[in-house]
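Visitor: So the sequence lines, in the order shown, correspond to chains D and R.
For the first sequence, the residue numbers in my numbering are 915 to 1129.
For the second sequence, the residue numbers in my numbering are 22 to 672.
From the three backbone atoms N, C-alpha and C, an ideal C-beta is built for every residue, glycine too.
My questions all concern the structure below.
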Amino acid sequence: MLLAALAVGLGVCAQGIGELGFTSRVSERLIEEYVKRHGEPARTHLESWKRYARDLKSQAAPRDIALLIQVNRYLNRIEFVDDIKHWGVLDYWATPAESVASNGGDCEDFTIAKYFLLKEMGVPTARLRLTYVKAVKLGQAHMVLAYYASPADDPLVLDNLEDAVRPASMRTDLVPVYSFNDEELWVEMKGRIGSPTQIRNWSALLARLERESRT
Amino acid sequence: MTLARQLISAISLVFLVMLIGVEAIYLRGAQTHLQDQLESHAQDAATSIGLSLGILLVRGDNALAETVINAAFDRGHYARIEFVNRTGEVLVSKTLSPRLGENYPQWLVELFPLEGPTAESLVSTGWQQMGRVRVTSHPGYAYAQLWDVARSTLLLLILIYAVALVALRLILKGILRPLSAIEAAAQAISRRDFVTVDERPSTRELARVVAAMNSLSRKVREALEVETARAAALREAAYVDPVGGLLNRRGFGETFESRYEHEREFFTGAVALIQVSNLAQVNEAHGQARGDELVTSIGDGVREVARDADGLAGRWGGAMFVLVVPDADVGVATQRLEALQRRVRSSAAELGLETEVDISVGAVFVEGDRPVLEEFLAAAEEALKQAIELRVDTPQVRRLRLEAGQSGTQEQLKILRAAIAAGQIHLVGQRAFALPGAEVLHTEIMGRLIDTSGRQIPAAEFMPLVTRHELSAQFDRAVVGRVFERASRADAGATIAVNLSARSIADDAFGDWLGGALTRDLARRVRLVFEIGEYGVLQDEAAAQRFAERVAKLGARFAIDHFGVHRDSLALLRRLGPAYVKLSAVYTRKLADDIGTRFFVESVVRAARQLDVPVIAQSVEDEGTLATLRALGFGGYQGFAGGRPSPWLPE
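Okay, structure coming up:
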């Protein structure tokens, strides 16, 4: 697993790290593949997602907060389905394309999709954190995307429980536990750049993104 | 190096390389595994420290951070743990000296390098980012583990290697066992002992080699046996009388010639003719068959006397036998003949023939005369006639007139002894040439005695005396000694042949002296061959064999002279393996005219060639003979055609 992640890391590096998970990397062939897997509606979803991203990008310098709200609202339209029901496996972190095509995902999938869309829109990844939280009201484990305008700030929370994007201090229904952003952390090894995260799911996700981008 | 050793060396080398390879691969794998572990180790530590710090650092207490980090640091194998705040400032740092421990060798570090990777984890309290923690693993512990693994696997591999080598040895030994049998057979065959290998090996190639060797060996042996049998048959046909198995006239003549005319040049002894004067009557009265019986029993008697006296017997004609009693004085010779006559008479009586058998014996006693058989027989015949006329029961013995000019025997002996003692030896050499090709095979050296007045004593005079008075060993020693002295002036690498008498061969003292005189330098400088007459070899083959072995150790060889006369000649070749043989001169003369001789000689030469023994012809005098010799496959020739004996390396 470690080595796979390393390989992915190298691959990512080779492609200029940046564009894994972007809508721009979704090729016609990939669409065909997902149509086969999820049916004809997948095409509609994927194509409108791509269009949305293109339109959003062309808007001149959106104010970050507005961008966040737009992205949150747009992706929250995806239906919430449990991994086990949707993918047949526990704890599957879908790629953005997979979530969009299948029009379903759980909290991690939402967070991931938002993360990559924001990144595509030019938001520096240093400001983003995938955060494990406990959703008090639901009494279950949850994940949200946290946006730090500056490192010391009270972050803004993008959550699939609500469309609004509010400061974390106001989200008393969430208790943060652990946050990570693996793109930020490079394990230093002589001559190698990689992200040998022990977060298994993240490296699996990266591997799948890598495969998608090659389709 | 033997095949087994070569194979074992090669295979164990391959094993060794393989084992080293296996060990290296294994260690590489261990290295990679340990490296991965170091990475995950760093990451795990970073993650858990990050989590702990996140929970504990609510109030941003650096001292607390330090405590947490200390605790983690002391419990694990880390090179460095750092806590960095939001702005990149290093707040806490713990470092372990990079000097790696001593429980593993430096070369391990160089061959299988491990690096201590650094991992990071974010530290956040609630939503607030606090910073990050960086953990760098220390490879020292990993090296220690690697070293342990290396040692244990190395020990195991060495054990496996040792076991493999032992197994290899045993297996190879089994497979190659037939080789030693094959090798022994090959060596025997090269010694002209045509053996076969009995056990058929299971390995295909070896089995084929054995089959081929056996087949070849058998073929050569059979061919040899055929040739030997043919030669024997030819000899019998030509030289042996069918009734009684004595030599016939021709056989006797040639043997006498070879043994006495060529080997000795001079003869002392009695030549007797024994005749049943009334055989015709006996045949008439009792039938041919009884007559033949009588002839046979007389023949046996004559043969026995010849054997006892070391002489020669033959059937000269219908009822006439010839007997040679050599080297005896007249009294002894006469006694033997008397005994013979008595015995013949009694055996005739035993046969129960009513007719009385008239046995007459006439003999001539020769003293130091040149042996010419016709002369002797003529004189013996006269004696016989007298015996028949006189009707006596005793043998009539005459003395042959001595040639004028010969001094008394005692005088001669004295001169002889003096000359030998003083080493007054004059050396002459005659060369033997190869056929075809005409290169010089060797030079035969003969010794001639010089008396006190400086006169060369003719061999005709002294040789029989030397023989009769047992001076052979001294004579040979004098000649050989002189040859050795001169040998230092011979061409390096030349082959020199020297004659030795049968008596010298059998004399241990002579052998010892030879061992001392024949120095290593000499043996290296010239190639020595000692020639011995066939008759002498046959008389004491064991001694000849011992002598041959002895000179072989000294770096010299031996050869047989006057070869081909006696019945066992060819067997001698096989048993003694001489460097070459010189065919009796008797045959050389008759080759051109006599077809029987030619066939016989041809088969002898062929048989000898089977055994790789070249046959050299003697007394070759003309070109015509050379052509015949070439055609028959002779290896060389010697004689006036190649040059007369001339002084050898005179001062």
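Could you name the residues of the same chain whose beta carbon sits closer than 7 Å to that of R/Gly322, not counting the 5 residues immediately before and after it, in chain order?
Guide: Closer than 7 Å at the Cβ level, and outside the excluded window around R/Gly322, lie Leu361, Arg364, Val365 and Ser368.
Visitor: Between the Cα of R/Pro420 and the Cα atoms of R/Ala188, R/Asp350 and R/Pro222, which residue gives the shortest distance?
Guide: The question names Pro, but residue 420 of chain R is Arg in the sequence shown. Comparing Cα positions, the closest option is R/Asp350.
Visitor: Between R/Thr116 and R/Arg101, what straight-line distance do the alpha-carbon atoms span, to the nearest angstrom?
Guide: Those two C-alpha atoms are separated by around 4 Å.
Visitor: Helix, strand or coil: which one does DSSP assign to R/His583?
Guide: R/His583: strand per DSSP, three-state reduction.
Visitor: R/Ile29 and R/Leu189 look like a contact to me (Cβ under 8 Å); what is the Cβ gap, rounded to whole Å?
Guide: About 6 Å; that satisfies the 8 Å criterion.
Visitor: By Cβ distance, which residues of its chain are closer than 6 Å to R/Gly635, with the 5 residues on each side in sequence left out?
Guide: It should be pointed out that residue 635 of chain R corresponds to Pro in this sequence rather than to Gly. Excluding positions up to five away in sequence, the list reads Tyr601 and Gly656.
Visitor: Considering only their Cβ atoms, is the gap separating D/Ala1027 from D/Arg1043 smaller than 7 Å?
Guide: Not closer than 7 Å, so no.
Visitor: Give a yes or no on whether the minimum CB-CB distance between R/Arg107 and chain D is below 7 Å.
Guide: By this cut-off, R/Arg107 is an interface position.
Visitor: For the candidate residues R/Arg524, R/Arg548, R/Ser474 and R/Ala480, whose alpha-carbon lies nearest to that of R/Val504?
Guide: If we check each option's Cα against that of R/Val504, R/Arg548 comes out closest.
Visitor: Quick one: which residues of the stretch 1049-1077 of chain D get their C-beta closer than 8 Å to a C-beta of chain C? List them in chain order.
Guide: Looking at the structure shown, chain C is missing, and the protein chains on hand are D and R.
Visitor: Kindly list, in the order they appear in chain R, the residues whose Cβ is closer than 9 Å to that of D/Ser1117.
Guide: Here the premise fails: no neighbours, minimum Cβ distance about 11 Å.
Visitor: Are there three or more Cβ pairs, one per stretch, closer than 8 Å when the stretch 320-337 of chain R is compared with the stretch 379-389 of chain R?
Guide: Cβ pair count under 8 Å is below three, so no.
Visitor: In the structure shown, what three-state DSSP assignment does R/Gly554 receive?
Guide: Reduced to three states, the DSSP call for R/Gly554 is strand.
Visitor: Any idea if R/Gly645 is buried or exposed, counting beta-carbon neighbours within 10 angstroms, 16 or more meaning buried?
Guide: Flag for R/Gly645 reads exposed.
Visitor: Flag D/Phe1094 as yes if its beta-carbon sits less than 7 Å from any beta-carbon of chain R, otherwise no.
Guide: Yes, contact with chain R.
Visitor: Anything in chain R within Cβ reach of D/Ala1121, meaning under 8 Å, just list it in chain order.
Guide: Those do not exist, as D/Ala1121 stays about 17 Å from chain R at its closest Cβ, beyond 8 Å.
Visitor: Ignoring anything shorter than 4 residues or poking outside the stretch 494-533 of chain R, list the alpha helix (DSSP H) runs there in chain order.
Guide: If we require 4 residues or more, the alpha helix (DSSP H) runs fully inside the stretch 494-533 of chain R come out as 523-527.
Visitor: Given a cut-off of 7 Å, decide if R/Glu314 and R/Pro392 are closer than it, judged by their beta-carbon atoms.
Guide: Their beta carbons are not under 7 Å apart, which means R/Pro392 does not touch R/Glu314 by this criterion.
Visitor: Using a beta-carbon distance cut-off of less than 7 Å, what residues from the stretch 138-155 of chain R approach chain D?
Guide: Going along the stretch 138-155 of chain R in chain order, one finds Pro138, Thr139, Ala140, Glu141, Leu143, Ser145, Gly147, Trp148 and Gln150 with a Cβ nearer than 7 Å to chain D.
Visitor: By Cβ distance below 6 Å, which residues in the same chain neighbour D/Leu1031 in space, the five residues on each side in sequence not counted?
Guide: Within the same chain, D/Leu1031 has close Cβ partners Val985.
Visitor: Is the beta carbon of R/Leu539 sitting closer than 7 Å to the one on R/Leu575?
Guide: A contact, by the Cβ cut-off of 7 Å.
Visitor: Any C-beta of chain D within less than 7 Å: which residues of the stretch 155-173 of chain R qualify?
Guide: If the cut-off is 7 Å between Cβ atoms, the stretch 155-173 of chain R has nothing near chain D.
Visitor: Does the Cβ of D/Pro1081 have 16 or more other Cβ atoms within 10 Å, making it buried, or fewer, making it exposed?
Guide: Its Cβ having fewer than 16 others within 10 Å, D/Pro1081 is exposed.
Visitor: In chain order, what are the residue ranges of uninterrupted alpha helix (DSSP H) at least 4 long that sit wholly in the stretch 92-177 of chain R?
Guide: Complete alpha helix (DSSP H) runs here, min 4: 127-132.
Visitor: State the DSSP-derived secondary structure class of R/Gln445, mapped to helix, strand or coil.
Guide: Coil.
Visitor: With 7 Å as the threshold, decide whether the Cβ of D/Ala1082 is near any Cβ in chain R.
Guide: At least one chain R Cβ lies under 7 Å of D/Ala1082.
Visitor: When the distance is taken between beta carbons, is D/Asn990 closer than 7 Å to D/Asn1074?
Guide: Their beta carbons are under 7 Å apart, which means D/Asn1074 touches D/Asn990 by this criterion.
Visitor: Please look up how many angstroms separate the CB atoms of R/Gly152 and R/Val105, rounded, as I've assumed it's under 8 Å.
Guide: So it is a contact: roughly 5 Å between Cβ atoms.
Visitor: With H, G and I counted as helix, E and B as strand and the rest as coil, what does DSSP make of R/Thr23?
Guide: The answer is coil: DSSP assigns R/Thr23 none of H, G, I, E or B.
Visitor: Which chain R residues sit within Cβ distance under 8 Å of D/Pro1090?
Guide: Here the neighbours are Ser145, Gly147 and Trp148.
Visitor: Consult DSSP for D/His1000 and reduce its assignment to one of helix, strand or coil.
Guide: Of the three classes helix, strand and coil, the one that applies to D/His1000 here is helix, per DSSP.
Visitor: Can you determine whether any heavy atom of the ligand MG sits closer than 6 Å to the C-beta of R/Ala327, and answer yes or no?
Guide: This structure simply doesn't include the ligand MG, nor any ligand for that matter.
Visitor: Any idea what DSSP makes of D/Ala1055, helix, strand or coil?
Guide: Here D/Ala1055 sits in strand by DSSP.
Visitor: Would you kindly check if the distance between the Cβ of R/Asp379 and the Cβ of R/Asn299 is under 7 Å?
Guide: Against a cut-off of 7 Å, the Cβ pair of R/Asp379 and R/Asn299 comes out as a contact.
Visitor: Indicate the three-state DSSP secondary structure (helix, strand or coil) for D/Tyr866 in the structure shown.
Guide: Lying outside 915 to 1129, the shown extent of chain D, residue 866 of chain D is not represented and no answer is given.
Visitor: Note down, in chain order, each residue of its chain lying with its Cβ closer than 8 Å to the Cβ of R/Phe454, except the 5 sequence neighbours on either side.
Guide: Excluding residues within five positions, the ones whose Cβ falls inside 8 Å are Glu460, Val461, Leu462, Gly657, Tyr658, Gln659 and Gly663.
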